[in-house]
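*Asks:*
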Amino acid sequence: MPAWTSDAIWWQVHPLTFTGAEPAALPPGEVRHRLPQLQRWLDHLLALGCNGLALGPVFASSTHGYDTVDHFRVDPRLGDDTDLDALFAAARERGVRVLLDGVFNHVGRDHPAFRAVVEQGPDAPTADWFRLSWPEDRTPGTPPRADVFEGHDILVELDHSSPAVADLVTRVMTHWLDRGADGWRLDAAYAVPPSFWARVLPAVRAAHPDAYVVGEVIHGDYGRVVADGGLDAVTQYELWQAVWHGIAERNLFELAWSLQRHGQFLRSFVPWTFVGNHDVTRIASAVGDPRHLPHALAVLFTVGGTPAVWSGDEHSFTGVKEHRAGGDDAVRPPFPPDPTGLSPLGAPTFAVHRELIGLRRRHRWLHTAAPEQVHVANEQLVHAVAGDGQRLLVALNLGDAAARVPAPGAGAVLAGAATVGRGEVELPAHGWAVLTG
Numbered sequence: 001m002p003a004w005t006s007d008a009i010w011w012q013v014h015p016l017t018f019t020g021a022e023p024a025a026l027p028p029g030e031v032r033h034r035l036p037q038l039q040r041w042l043d044h045l046l047a048l049g050c051n052g053l054a055l056g057p058v059f060a061s062s063t064h065g066y067d068t069v070d071h072f073r074v075d076p077r078l079g080d081d082t083d084l085d086a087l088f089a090a091a092r093e094r095g096v097r098v099l100l101d102g103v104f105n106h107v108g109r110d111h112p113a114f115r116a117v118v119e120q121g122p123d124a125p126t127a128d129w130f131r132l133s134w135p136e137d138r139t140p141g142t143p144p145r146a147d148v149f150e151g152h153d154i155l156v157e158l159d160h161s162s163p164a165v166a167d168l169v170t171r172v173m174t175h176w177l178d179r180g181a182d183g184w185r186l187d188a189a190y191a192v193p194p195s196f197w198a199r200v201l202p203a204v205r206a207a208h209p210d211a212y213v214v215g216e217v218i219h220g221d222y223g224r225v226v227a228d229g230g231l232d233a234v235t236q237y238e239l240w241q242a243v244w245h246g247i248a249e250r251n252l253f254e255l256a257w258s259l260q261r262h263g264q265f266l267r268s269f270v271p272w273t274f275v276g277n278h279d280v281t282r283i284a285s286a287v288g289d290p291r292h293l294p295h296a297l298a299v300l301f302t303v304g305g306t307p308a309v310w311s312g313d314e315h316s317f318t319g320v321k322e323h324r325a326g327g328d329d330a331v332r333p334p335f336p337p338d339p340t341g342l343s344p345l346g347a348p349t350f351a352v353h354r355e356l357i358g359l360r361r362r363h364r365w366l367h368t369a370a371p372e373q374v375h376v377a378n379e380q381l382v383h384a385v386a387g388d389g390q391r392l393l394v395a396l397n398l399g400d401a402a403a404r405v406p407a408p409g410a411g412a413v414l415a416g417a418a419t420v421g422r423g424e425v426e427l428p429a430h431g432w433a434v435l436t437g
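Read in full-length UniProt numbering, the sequence shown has 427 at position 427, and its numbers run on one by one without any break.
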């Protein structure tokens, strides 16, 4: 893992929806220069305490960005290469790293490689890019049956055993790292054989040894994907699930168990940690009780990992993910042209983010700190993290009454609120605290 990632905290955006882009591709030749809008948010992410901008898809696509039609061209709804170069430069001037979203499991049906297959048949030069079967009564122009991603007919899966596909992905990743990106998020990496990344990444790292590569892995053997694929990290969906669900259900045994699992992962790699992203219900909605949003943040920013904040979560945006066409709209709203357009109602949550991110910055060792369970009950949880000769205690209370919980060695309150006693702390109703330990 590149050394610089030990201090990385990402602010994640989905550029197409963030900037209010059209839902479908523009007519040929038209361009809308929307990427400059993101430059006006760089100081916002720095004020939050982040130092990385994780971009969703920015390459030419037919609709939502994940149905790519050209990996080497900026989506005209966002602008052009000059606009992306300018964003890279503006970020670099501020010390902000930029992560790109690589959709390499599938392409859109309008991708020229797939169109060539439809038009030219099995003899098309790109036929080996896909897993195809042809009807016996095929006539020119008859599309083949193609494997698609999770039932989405517009997303045609690539054949990752094809050398041509490996070459394409290697060239795309290297091209944009050459232009100024600092790393890649690998979309739907759980659907791609780790052996594919093991073929691609050595060539990418030969040119860019400091590039950070994190795979989107929702389920499966996290450690094996990292080790066999040569990735730096994968997304920690297990912890995300336990954070929001354990808090919403007031069942902190669920969270305690996942924190133990998280510690096991940290022995071999540092996961990408989050409590919200572009594919899930916003954390302010997921936890149910708004008084418990800080509890989720206290976990995110005090356990080992590379944390990411989904844009808007820092201002208590709400939104429920629905499994239907347009079901992401509520969690991917358009943003104001610049941060001055944000409602002041989100300021308290912004302040909690800043407080906890600041705490994390003052304790850099938290990047690899494995949590140790101290106390757990349905509505209370205390865990400890230690490193660099220091120890912190994190105490949560979801209950409607104040609660005294064991906290051996508890000292000063660094964030939140608690009354410290001998070997214990008292948390107010719905309270939380981070303390020296």
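The beta-carbon is built from N, C-alpha and C at its ideal position, and this holds for glycine as well.
(1) Using only the alpha-carbon positions, how far apart do residue 414 and residue 427 sit?
(2) How about residue 346 and residue 330: are their beta carbons less than 8 angstroms apart?
(3) Which runs of the beta strand (DSSP E), 3 residues or longer, sit entirely within the stretch 262-302?
(4) Are residue 262 and residue 234 close, meaning C-beta to C-beta below 8 angstroms?
(5) Mapping the DSSP letters down to three states, classify residue 64 as helix, strand or coil.
(6) In this structure, how does DSSP classify residue 2 when only helix, strand and coil are distinguished?
(7) By the 10 Å Cβ neighbour count, where 16 or more other Cβ atoms means buried, how is residue 92 classified, buried or exposed?
(8) Quick one: is residue 202 buried, meaning 16 or more other Cβ sit within 10 Å of its Cβ, or exposed?
(9) Which of the three DSSP states, helix, strand or coil, is assigned to residue 307?
(10) I need the DSSP call for residue 346, collapsed to helix, strand or coil.
(11) Strictly by DSSP, which residues pair up with residue 417?
(12) Would you kindly report the start and end of the unbroken beta strand (DSSP E) that includes residue 83?
(13) So for residue 340, helix, strand or coil by DSSP?
(14) Does the beta carbon of residue 370 fall short of 7 angstroms from some heavy atom of the ligand SAH?
(15) What residue does the alpha helix (DSSP H) around residue 245 start on, and which one ends it?
(16) Which residue marks the beginning of the beta strand (DSSP E) containing residue 391, and which one marks its end?
(17) For residue 317, which residues in the same chain have their Cβ closer than 6 angstroms to its Cβ, ignoring the five residues on either side in sequence?
(18) Check residue 149 in the structure and name its three-state DSSP category.
(19) Helix, strand or coil, according to DSSP, for residue 127 in the structure here?
(20) Could you name the residues that DSSP lists as bridge partners for residue 143?
(21) Could you give the residue range of the alpha helix (DSSP H) that holds residue 119?
(22) First and last residue of the beta strand (DSSP E) that includes residue 387?
(23) Suppose the cutoff is 8 angstroms on Cβ atoms and the five residues either side in sequence are ignored; what does the same chain contact list for residue 207 look like?
(24) For residue 152, count neighbouring C-beta atoms within 10 Å of its own C-beta (all shown protein chains included) and say buried if the count is 16 or more, exposed if not.
(25) Where does the unbroken beta strand (DSSP E) through residue 215 begin, and where does it stop?
(26) Give me the Cβ distance between residue 131 and residue 157, rounded to the nearest whole Å; I'm assuming they're in contact under 8 angstroms.
(27) When you compare each of 70, 272, 150 and 213 to residue 2 by their alpha carbons, which one comes out closest?
(28) Can you round the beta-carbon distance between residue 215 and residue 155 to whole angstroms, since I take them to be within the 8 angstroms contact cut?
(29) Can you round the beta-carbon distance between residue 437 and residue 409 to whole angstroms, since I take them to be within the 8 angstroms contact cut?
(30) Is the stretch 62-71 touching the stretch 32-44 in the sense that three or more CB pairs, one from each, lie closer than 8 angstroms?
(31) Taking residue 105 as the reference, give the member of 54, 280 and 166 with the closest Cα.
(32) Less than 8 angstroms between the C-beta atoms of residue 49 and residue 361, yes or no?
(33) Hey, how far is the Cα of residue 363 from the Cα of residue 382?
(34) Here's the rule: buried if 16 or more other CB atoms are within 10 angstroms of the residue's CB, otherwise exposed. What is residue 57?
(35) Output needed for residue 59: all residues of its chain with C-beta closer than 7 angstroms, excluding positions within five of it in sequence on either side, in chain order.
(36) Do residue 121 and residue 143 have their CB atoms nearer than 8 angstroms?
*Replies:* Let me spell this out:
(1) Locating residue 414 in the sequence shown gives position 414, where the first residue counts as 1. Locating residue 427 in the sequence shown gives position 427, where the first residue counts as 1. Rounded to the nearest whole angstrom, the C-alpha separation of residue 414 and residue 427 is 14 angstroms.
(2) One-based indexing of the sequence shown puts residue 346 at position 346. One-based indexing of the sequence shown puts residue 330 at position 330. Residue 346 places its beta carbon 8 angstroms or farther from that of residue 330.
(3) Counting only runs of 3 or more, we get 272-274.
(4) Here residue 262 refers to the residue found at position 262 when the sequence shown is read from its first residue. Here residue 234 refers to the residue found at position 234 when the sequence shown is read from its first residue. Cβ atoms of residue 262 and residue 234: not closer than 8 angstroms.
(5) Start at 1 with the first residue of the sequence shown, and residue 64 comes out as number 64. Assigned with DSSP and collapsed to three states, residue 64 falls in coil, not helix or strand.
(6) If you number the sequence shown from 1, residue 2 lands on position 2. Assigned with DSSP and collapsed to three states, residue 2 falls in coil, not helix or strand.
(7) Position 92 of the sequence shown, counted from the first residue, corresponds to residue 92. When all chains shown are included, residue 92 counts as exposed.
(8) On the sequence shown, position 202 is the one that residue 202 refers to. Burial call: exposed.
(9) Reading the sequence shown from its first residue, position 307 is the one you call residue 307. The answer is strand: DSSP assigns residue 307 an E or B state.
(10) As a position in the sequence shown, residue 346 is number 346, starting the count at 1. Here DSSP, grouped into helix, strand and coil, assigns residue 346 to helix.
(11) Taking the sequence shown and counting its residues from 1, the one referred to as residue 417 is at position 417. Listed as beta-bridge partners of residue 417 by DSSP are no residues whatsoever.
(12) As a first step, residue 83 is located in the sequence shown; it is residue number 83 there, counting from the start. Careful: residue 83 lies outside any beta strand (DSSP E), inside the alpha helix (DSSP H) at 81-93.
(13) Walking along the sequence shown from the start, residue 340 turns up at place 340. Helix at residue 340.
(14) Absence of the ligand SAH is noted for the structure shown, with no ligands found whatsoever.
(15) Here residue 245 refers to the residue found at position 245 when the sequence shown is read from its first residue. 237-248 is the extent of the alpha helix (DSSP H) around residue 245.
(16) To locate residue 391, count along the sequence shown from 1; it is residue 391. Its beta strand (DSSP E) spans residues 390-397.
(17) On the sequence shown, position 317 is the one that residue 317 refers to. Around residue 317: 282.
(18) Residue 149 sits at position 149 when you count from the first residue of the sequence shown. Correct three-state label for residue 149: strand.
(19) Stepping through the sequence shown from its first residue, residue 127 is reached at position 127. Correct three-state label for residue 127: helix.
(20) What you label residue 143 is simply residue 143 of the sequence shown in a count that begins at 1. Beta-bridge pairing links residue 143 to no other residue.
(21) For the purposes of this step, residue 119 is taken as residue 119 along the sequence shown, with counting starting at 1. Unbroken alpha helix (DSSP H) run through residue 119: 112-120.
(22) As a position in the sequence shown, residue 387 is number 387, starting the count at 1. That run of the beta strand (DSSP E) goes 380-387.
(23) For this step, residue 207 is matched to residue 207 along the sequence shown. Once the five neighbours on either side are set aside, the close Cβ partners of residue 207 are 174, 177 and 178.
(24) Here residue 152 corresponds to residue number 152 of the sequence shown, with the count starting at 1. By the C-beta density criterion, residue 152 is exposed, having fewer than 16 other C-beta atoms within 10 angstroms.
(25) If you number the sequence shown from 1, residue 215 lands on position 215. From DSSP, the beta strand (DSSP E) with residue 215 extends over 212-215.
(26) To locate residue 131, count along the sequence shown from 1; it is residue 131. To locate residue 157, count along the sequence shown from 1; it is residue 157. The distance from the Cβ of residue 131 to that of residue 157 is about 7 angstroms, consistent with a contact at the 8 angstroms cut-off.
(27) Working through the sequence shown from its first residue, we reach residue 2 at position 2. Closest in alpha carbon position to residue 2, among 70, 272, 150 and 213, is 213.
(28) The residue you call residue 215 lines up with position 215 of the sequence shown. The residue you call residue 155 lines up with position 155 of the sequence shown. Not really, about 18 angstroms apart at Cβ, beyond 8 angstroms.
(29) By one-based count along the sequence shown, residue 437 stands at place 437. By one-based count along the sequence shown, residue 409 stands at place 409. For residue 437 against residue 409, the beta-carbon gap comes to about 5 angstroms, under 8 angstroms, which counts as contact.
(30) No: the two stretches stay apart, fewer than three of their Cβ pairs being nearer than 8 angstroms.
(31) Position 105 of the sequence shown holds residue 105. That would be 166, whose Cα lies nearest to the Cα of residue 105.
(32) For this step, residue 49 is matched to residue 49 along the sequence shown. For this step, residue 361 is matched to residue 361 along the sequence shown. Yes, the Cβ-Cβ distance between residue 49 and residue 361 is below 8 angstroms.
(33) One-based indexing of the sequence shown puts residue 363 at position 363. One-based indexing of the sequence shown puts residue 382 at position 382. If you take the alpha carbons of residue 363 and residue 382, they lie about 19 angstroms apart.
(34) Locating residue 57 in the sequence shown gives position 57, where the first residue counts as 1. Answer is buried; the Cβ neighbour count reaches 16.
(35) Taking the first residue of the sequence shown as position 1, residue 59 is located at position 59. So the qualifying residues of the chain are 68, 70, 71, 73, 74 and 75.
(36) For this step, residue 121 is matched to residue 121 along the sequence shown. For this step, residue 143 is matched to residue 143 along the sequence shown. In this structure, residue 143 does not lie closer than 8 angstroms to residue 121 by Cβ.
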